[in-house]
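Residue numbers (this note's numbering), protein chains in the order written: chain A, 304 to 611; chain B, 92 to 363.
Note that the Cβ used here is the ideal one computed from N, Cα and C, for glycine as well.
Since we're looking at a predicted model, the values are computed, not measured.
Below is one structure, written out as structure tokens; comments come after it.
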């Protein structure tokens with residue numbers, strides 16, 4: 304991004320958050336396919352200033368009902384997303400689908416709690432939320448402040464997906480698929496058959512460095528299956544909506560490089576900290592937030608492949 | 092929370108029975124004096140700058156796997172030796188991460204392991220020397236922001252590895268022909284930290300971790316560890332020691348469910 308563009312983006316963001324503070328503005332969304340709305344999160348860490356608005360979130364409108372997919376990084380973002388839904392349809396929100404349990408995707412859940420709304424997630428999502436939820440709340444209270452985090456409630460799914468599940472919004476079928484450990488151990492994708500649009504959650508990153516919180520080998524393996532999904536476009540967890548499956552090439556290269564580097568490091572008998580400092584260094588120019596996540600990815604990858 | 096840790100018995104510090112409550116009021120409160128009372132019975136503790144080194148990354152990149160290295164700074168001619176090193180992560184729910192006992196004849200000078208870090212915290216290493224004196228060094232670690240969490244990444248995988256053990260020996264470039272060895276022991280174990288009942292999901296993951304590890308060359312103690320839930324999943328120790336000529340390296344680990352895991356390996360020749 305050019306300096307001018309980033310300045311403009313920063314100013315736009317500043318304006319947006321000011322409005323949101325004044326009373327939950329409507330979250331800006333674009334219709335990436337008929338009835339398929341997406342809000343693009345900023346490529347950044349969750350902060351007080353961006354109100355946790357860093358992940359892509361969205362909703363799909365069928366003939367009878369609406370499905371919301373991920374709810375953002377704060378209760379306030381959840382409310383703003385709800386306003387965006389209500390500005391476009393009066394149909395009931397029958398499902399809130401969480402693609403996985405990270406805070407930037409689930410912290411807005413509480414804004415959607417209502418009679419007739421079911422929360423849907425991977426069968427391992429409840430356990431992940433139980434073991435990490437309290438820590439996430441404490442941690443992000445420190446980072447983002449009480450005003451934003453106190454209203455956040457951890458809302459676990461009641462409809463669990465073990466393998467696949469089809470949801471019908473009325474002449475519009477969504478295929479949900481639960482995957483084995485990759486980005487996290489509770490990744491779920493949503494495929495809209497009508498528009499052949501895949502909402503991939505954090506199994507797909509573009510521009511934003513991939514974050515590995517599950518299994519690097521699992522993730523690389525999974526990409527082989529994921530790319531066979533007959534989509535024409537993907538909504539990644541972070542980054543722009545992109546043609547499918549071309550969208551996968553950067554991520555695959557990053558993960559393969561990281562895996563090769565930590566394996567080489569382990570073979571040489573280097574300690575885990577060397578891997579954290581050096582692995583995937585060649586990838587630095589290709590990604591935003593590289594220094595925020597690469598060492599962490601390398602640490603986690605190293606501890607995984609040590610057991611090979 | 093002020094004063095709460097003071098009333099906790101030592102075992103609670105290791106188990107992490109008391110989970111940290113609301114964080115805001117705690118930031119200014121220094122838990123260390125209370126920990127000195129609980130863990131070291133208020134014995135005097137000297138500055139350890141010349142005795143014991145502790146190294147950790149300033150920023151805990153992955154809160155579940157934070158590498159820590161403890162290093163003896165005693166000169167080879169010093170008549171004293173380090174008898175034990177206690178690792179304390181002040182603001183963790185279980186502050187006492189581990190106590191290492193160093194074998195009398197093994198001359199362990201370096202220990203690296205991996206810990207969980209819940210919070211921005213001081214981390215203390217307290218060495219007890221053979222003359223009974225305590226010495227402390229500390230580092231400050233910033234817990235990672237982002238979605239990093241001290242909990243495990245792949246609960247199923249961790250359980251599948253339960254009880255597996257690996258031993259590895261590394262070449263020491265500095266002294267290829269000496270009797271100094273660098274080795275690593277890995278134990279497959281989820282080292283679950285335990286949780287209160289979650290009121291919404293009704294899920295409960297009981298504490299389940301390796302609490303004792305003994306390493307010997309033949310039957311001579313090299314290093315032992317009394318561990319708690321602050322030790323990362325799949326406990327991993329890398330350390331130096333001096334070979335006594337033993338042919339076998341042995342490990343015995345016990346966990347809180349009473350499992351005992353034993354294994355032994357041939358010691359490779361020095362310099363390999």
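Using the C-alpha atoms, what's the distance from residue j back to residue i?
i	j	result
residue 557(A)	residue 586(A)	7 Å
residue 375(A)	residue 349(A)	10 Å
residue 564(A)	residue 580(A)	11 Å
residue 526(A)	residue 566(A)	20 Å
residue 301(B)	residue 318(B)	6 Å
residue 184(B)	residue 366(A)	50 Å
residue 279(B)	residue 485(A)	20 Å
residue 333(B)	residue 200(B)	9 Å
residue 461(A)	residue 416(A)	12 Å
residue 131(B)	residue 303(B)	20 Å
residue 444(A)	residue 356(A)	15 Å
residue 521(A)	residue 223(B)	50 Å
residue 315(B)	residue 276(B)	12 Å
residue 498(A)	residue 359(A)	18 Å
residue 414(A)	residue 189(B)	42 Å
residue 568(A)	residue 329(B)	15 Å
residue 125(B)	residue 401(A)	42 Å
residue 530(A)	residue 145(B)	46 Å
Check residue i in the structure and name its three-state DSSP category.
i	result
residue 556(A)	helix
residue 521(A)	helix
residue 165(B)	coil
residue 212(B)	strand
residue 198(B)	coil
residue 300(B)	coil
residue 384(A)	helix
residue 500(A)	strand
residue 425(A)	strand
residue 373(A)	coil
residue 344(B)	strand
residue 239(B)	coil
residue 509(A)	coil
residue 183(B)	coil
residue 324(A)	At residue 324(A), the pLDDT of 45 sits below 50, so the modelled position is not reliable; the number obtained from the coordinates is stated separately. Three-state result, residue 324(A): helix.
residue 160(B)	strand
residue 359(B)	coil
Locate the beta strand (DSSP E) running through residue i, then write down its first and last residues.
i	result
residue 229(B)	225-234
residue 602(A)	Per DSSP, residue 602(A) belongs to no beta strand (DSSP E); it is in the alpha helix (DSSP H), 593-608.
residue 330(B)	327-333
residue 77(B)	In the structure as shown, chain B begins at 92 and stops at 363. Residue 77(B) is therefore absent and cannot be evaluated.
residue 342(A)	339-342
residue 577(A)	Taken as a continuous stretch (DSSP letters only), residue 577(A) belongs to no beta strand (DSSP E), being part of the alpha helix (DSSP H) at 575-581.
residue 399(A)	396-400
residue 250(B)	That residue, residue 250(B), is in no beta strand (DSSP E); its alpha helix (DSSP H) goes 246-251.
residue 364(A)	360-364
How far does the alpha helix (DSSP H) with residue i in it extend, from its first residue to its last?
i	result
residue 130(B)	123-131
residue 441(A)	428-447
residue 543(A)	First-last for residue 543(A): undefined, no H or E at that position.
Quick one, are the C-beta atoms of residue i and residue j less than 8 Å apart?
i	j	result
residue 543(A)	residue 509(A)	yes
residue 214(B)	residue 233(B)	no
residue 370(A)	residue 470(A)	yes
residue 239(B)	residue 153(B)	yes
residue 207(B)	residue 167(B)	no
residue 504(A)	residue 403(A)	yes
residue 426(A)	residue 465(A)	yes
residue 313(B)	residue 338(B)	no
residue 220(B)	residue 162(B)	no
residue 346(A)	residue 511(A)	yes
residue 493(A)	residue 479(A)	yes
Label residue i either buried or exposed according to how many other C-beta atoms from any shown protein chain fall within 10 Å of its C-beta, with 16 as the threshold for buried.
i	result
residue 398(A)	buried
residue 610(A)	exposed
residue 289(B)	With a pLDDT of 48 at residue 289(B), under the threshold of 50, the modelled position of that residue is not reliable, and no figure is offered here.
residue 390(A)	exposed
residue 442(A)	buried
residue 433(A)	buried
residue 140(B)	exposed
residue 177(B)	buried
residue 119(B)	exposed
residue 116(B)	Low local confidence applies: a pLDDT of 48 at residue 116(B) is under 50, so the model's placement there is unreliable, and no value is given.
residue 535(A)	exposed
residue 269(B)	exposed
residue 342(B)	buried
residue 467(A)	exposed
Check the Cβ of residue i against every Cβ in chain C and list those closer than 8 Å, keeping chain order.
i	result
residue 484(A)	The displayed structure is made up of protein chains A and B, and chain C is not among them.
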